[in-house]
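In order, the protein sequences belong to chains A and H. In terms of my numbering, the first sequence opens at residue 2 and continues consecutively. In terms of my numbering, the second sequence opens at residue 2 and continues consecutively. Every residue, glycine too, gets a C-beta built ideally from N, C-alpha and C. Read through the structure below, which is laid out as structure tokens, and then see the notes.
Number of protein chains: 2
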Amino acid sequence: MRIALDAMGGDNAPYEIVWGGVLAAARTEDSVILVGDEAAIRKALRHRHPKIRPTPDVEALLREGRLSIVHTDESVAMEDAPAAAVRRKKNCSINVCMRLVKEGKADAAVSAGNSGAMAASALFILGRIKGVARPAIATVLPSSCADRPLLLLDAGANTDCHHEWLREFAVMGDIYSRLVLGRERPEVGLMSIGTEDCKGNELTKHAFPLLRDYTPGILFKGNVEGHDVFAGETDVIVCDGFVGNVILKTSESAAHAMGGWLKRIILGNLFYKLAAVPLLPALRKLRHQMDPEIYGGAPLLGVPGAVIITHGSSTYRAIFYACAAGSRAAAHNVSREIEARIGELPEVPLDEDLVAHQPASAAEPVAPGPEKR
Amino acid sequence: MRIALDAMGGDNAPYEIVWGGVLAAARTEDSVILVGDEAAIRKALRHRHPKIRPTPDVEALLREGRLSIVHTDESVAMEDAPAAAVRRKKNCSINVCMRLVKEGKADAAVSAGNSGAMAASALFILGRIKGVARPAIATVLPSSCADRPLLLLDAGANTDCHHEWLREFAVMGDIYSRLVLGRERPEVGLMSIGTEDCKGNELTKHAFPLLRDYTPGILFKGNVEGHDVFAGETDVIVCDGFVGNVILKTSESAAHAMGGWLKRIILGNLFYKLAAVPLLPALRKLRHQMDPEIYGGAPLLGVPGAVIITHGSSTYRAIFYACAAGSRAAAHNVSREIEARIGELPEVPLDEDLVAHQPASAAEPVAPGPEKR
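Structure follows, in structure tokens:
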């Protein structure tokens, strides 16, 4: 597989990105196309990465075409308004990556840059898969069960969602979980505020019967709640992009706060400080288990092509795993599978009929009061 | 202050609840009215609590009227449909607590029972404060800054919200944070998916200008995101009840998962197990810092009276702190302050005018696509 890698995107660009690409080209069967300012890329390549040992033979990779450079001198900054920037800067590195995929010169696009710009660029250049209303950003989260990471979507592409979109998210998530994350029969949950069928807001109350009765091919386990995010008992959770983004960032915040508290308690006391030394390998192991970098970034599902968005703070490791995820998504043809499954979805009933399908007690408000104005 | 305590609500009722009430009556200036099945309450009182030392003189408290019992033999179960249950069981313990407040025989009501039933009962019996559209459940969360807990509302009473309600949540949260949590000048944030003014969904984009320009008396710091939940730099965060509930439960899930991972890594290795022994006090201290019990439960704001809802798994400690929070809320007359401040709020402009107030780039979609159907 050929990976178009945006060398200019992310806080650590181009150095970490470039070396992530080198590692992917050296250690896997894939070839990597570094897209960005050629001078900056060549400069980064001249300084070997201290953590990558042995250093791959960059000259040989370039000679054999396993690694190549496509030059462009435009790029999108983190603070640019995403949609406007990719429209204005026609040759920004993200757009060039997408065009390589569009023209069949690359099989997957990977970027650690502005995720809004990435989504906008994919839509402008690749368009949408036939039948998909809105592409979604899916994120992989660690769980209490080490070999069962959670795929959460949408993680921020669509802030206000129609319930039909949630059905598409469920199908796309099911496919990615099976083909790329290797779950044989993913269990799909609908994010709500309680596991009972009747719990939820207007969106989830409409999506619930749709997922239960009108989405063949998924294993729908019903409503899930915040407690289920890290429980390791669900493979795919669907929600609107606002809620997904809040879940993602709140989890990071909670983990960070806990780590900080533990550190402060231990460092605040000489005895604890000494006692903690033998445990350092265990704490490092914990950090590794929680490390989102190894899960290969967030796929943008619903566009015709394998598009992987990684965290802005990505290091070479995150880029390496993201390239691997892009390669798998392309090799298993996730997009074609999405098109086929979305095309087979049954007609959605009218909203009124859908409400009739709702669990009996759904109509009863939890806290009665004046109508929503 | 006189606290009406629902002795029948919660997983550990009546024993832990009753003893939490005893402790509050013995250690504070408040008197406590235990509401529930008298035989069960008296039985619980006969078995002294092993963790409460010295055991308070229950007989003396009862004689002096610092502790009293109001009998009722109905109660609401966790699995009951909340609104229907409080309507059907007129004399359930929650309803009796509310009536004591309504009739001026108690100053605050505290329950660890079904929170939906609690909210419904408060609405049926106490009604709403004049001018408040919908009461909200506020939750106190620990933060990285030990003496700066976060008040998050709504945490689940209103799943679909109008943007005007969020303005009321902001005012009510500001008041509770000042009067009960002791923050002099609470910073109020609007939960969104990025800190930039233009980020958010339809609800937050309408609420933003309302909070910035039409809510005198609050210190509005703009949009906050999931990363800010535990950062300790915000005092009050407002959001709809769906998002608030997801934040609350996801945080609990993340903390639980991290604790579990650490435990498994340490217990899986004899050397680590031995090395961890001297650190046990530090780990206990961490657990204490994260312990939600000490923050005094979740107030239901917007009803005329001090109503505190605590976690279903509350122990005597949680009940003790909840009684203290109820007492403070009543003593500072949170409800009267809410009525005054809500009454002074300026007229809300029409939706169209509000949109004109939005930050310039708010109209630009992050990922353009077909309109929401």
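Query, Result
"Taking Cβ-Cβ distances shorter than 9 Å, what residues in chain H pair up with Ala276 of chain A?", "Ala276, Ala277, Val278, Pro279, Leu280, Ala283"
"Answer with yes or no whether the minimum CB distance from Leu154 of chain A to chain H is below 7 Å.", "no"
"Does DSSP put Pro282 of chain H in a helix, in a strand, or in coil?", "helix"
"For Ala14 of chain H versus Pro57 of chain H, is the C-beta distance shorter than 7 Å?", "no"
"Please classify Phe243 of chain A: is it buried, with 16 or more other beta-carbons within 10 angstroms of its beta-carbon, or exposed?", "buried"
"Using a Cβ-Cβ cutoff of 7 Å, what residues of the region 239 to 254 of chain H are near chain A? List them in chain order.", "Phe243, Val244, Asn246, Val247, Ile248, Leu249, Lys250, Thr251, Ser252, Glu253, Ser254"
"To which residues of the same chain is Val189 of chain H closer than 8 Å at the C-beta, ignoring the five residues directly before and after it?", "Ala171, Gly174, Asp175, Leu212, Ile219, Leu220, Phe221, Lys222, Thr235, Asp236, Val237, Ile238, Val239"
"Could one say the Cβ of Lys131 of chain A lies closer than 7 Å to chain H's Cβ atoms, at least one of them?", "no"
"Please report the distance separating the alpha-carbon of Thr196 of chain H from that of Pro210 of chain A.", "35 Å"
"Distance check for Asp352 of chain H and Arg100 of chain H, CA to CA, integer angstroms please.", "39 Å"
"Counting only C-beta atoms, is Tyr322 of chain H closer than 7 Å to chain A at any point?", "no"
"Give the interface partners of Met192 of chain H over in chain A, defined as CB-CB distance under 8 Å, in chain order.", "Val247"
"From this set, H:Arg67, H:Arg64, H:Glu165, H:Glu185, which residue's C-alpha is nearest Ala208 of chain H's C-alpha?", "H:Glu165"
"Step through the CB atoms of chain A and report whether any lies within less than 7 Å of the CB of His164 of chain H.", "no"
"Using a Cβ cut-off of 7 Å (strictly closer), state whether Leu151 of chain A contacts chain H.", "no"
"For the putative contact between Ile126 of chain H and Asn96 of chain H, defined by C-beta atoms under 8 Å, what is the C-beta separation to the nearest angstrom?", "6 Å"
"Name the DSSP bridge partner or partners of Ser76 of chain H?", "None; Ser76 of chain H has no bridge partner."
"When you compare each of H:Val36, H:Leu35, H:Ala110, H:Glu169 to Pro217 of chain H by their alpha carbons, which one comes out closest?", "H:Glu169"
"From Gly132 of chain A to Ala120 of chain A, what does the alpha carbon distance come to, in whole angstroms?", "18 Å"
"What does DSSP give as the partner residue(s) for Phe221 of chain A in the beta ladder?", "A:Val189"
"Could you have a look at Gly157 of chain H and say whether DSSP puts it in helix, strand or coil?", "coil"
"Counting only runs of 3+ residues fully inside the region 50 to 115 of chain H, write out the beta strand (DSSP E) ranges in chain order.", "68 to 72, 109 to 112"
"Give the DSSP bridge partners of Arg3 of chain A, in chain order.", "A:Ser32"
"Just the chain H side, please: which residues come within less than 8 Å of Glu226 of chain A by C-beta, in chain order?", "Asn246, Val247, Lys250"
"Using DSSP's beta-bridge definition, name the partner residues of Pro300 of chain H.", "H:Ile309"
"In chain order, which continuous runs of the beta strand (DSSP E) of length 3 or greater are located wholly inside the region 243 to 271 of chain H?", "none"
"Can you tell me whether Ala14 of chain H is helix, strand or coil according to DSSP?", "coil"
"What does a CB cutoff of less than 6 Å around Ala86 of chain H pick up in its chain, not counting 5 residues either side in sequence?", "Val77, Ala118"
"Short check: CB of Val111 of chain A to CB of Ile4 of chain A, under 7 Å?", "yes"
"Is Phe209 of chain A close to chain H, meaning its C-beta is less than 7 Å from at least one C-beta of that chain?", "no"
"Could you confirm whether any beta carbon from chain A is found closer than 7 Å to the beta carbon of Thr160 of chain H?", "yes"
"Just list the residues that DSSP pairs Leu151 of chain H with in beta bridges.", "H:Leu142"
"Short of 7 Å in beta carbon distance, which residues of its chain neighbour Leu268 of chain A, apart from the five on each side in sequence? Order them along the chain.", "Lys274"
"For Gly306 of chain H and Ser328 of chain H, which I take to be in contact (beta-carbon distance under 8 Å), what is that distance rounded to the nearest angstrom?", "The pair is not a contact, with the Cβ atoms about 13 Å apart (cut-off 8 Å)."
"In whole angstroms, give me the CA-to-CA distance for Val19 of chain A and Lys103 of chain A.", "22 Å"
"Over the uninterrupted alpha helix (DSSP H) stretch that includes Ile42 of chain H, give me the two end residues.", "39 to 47"
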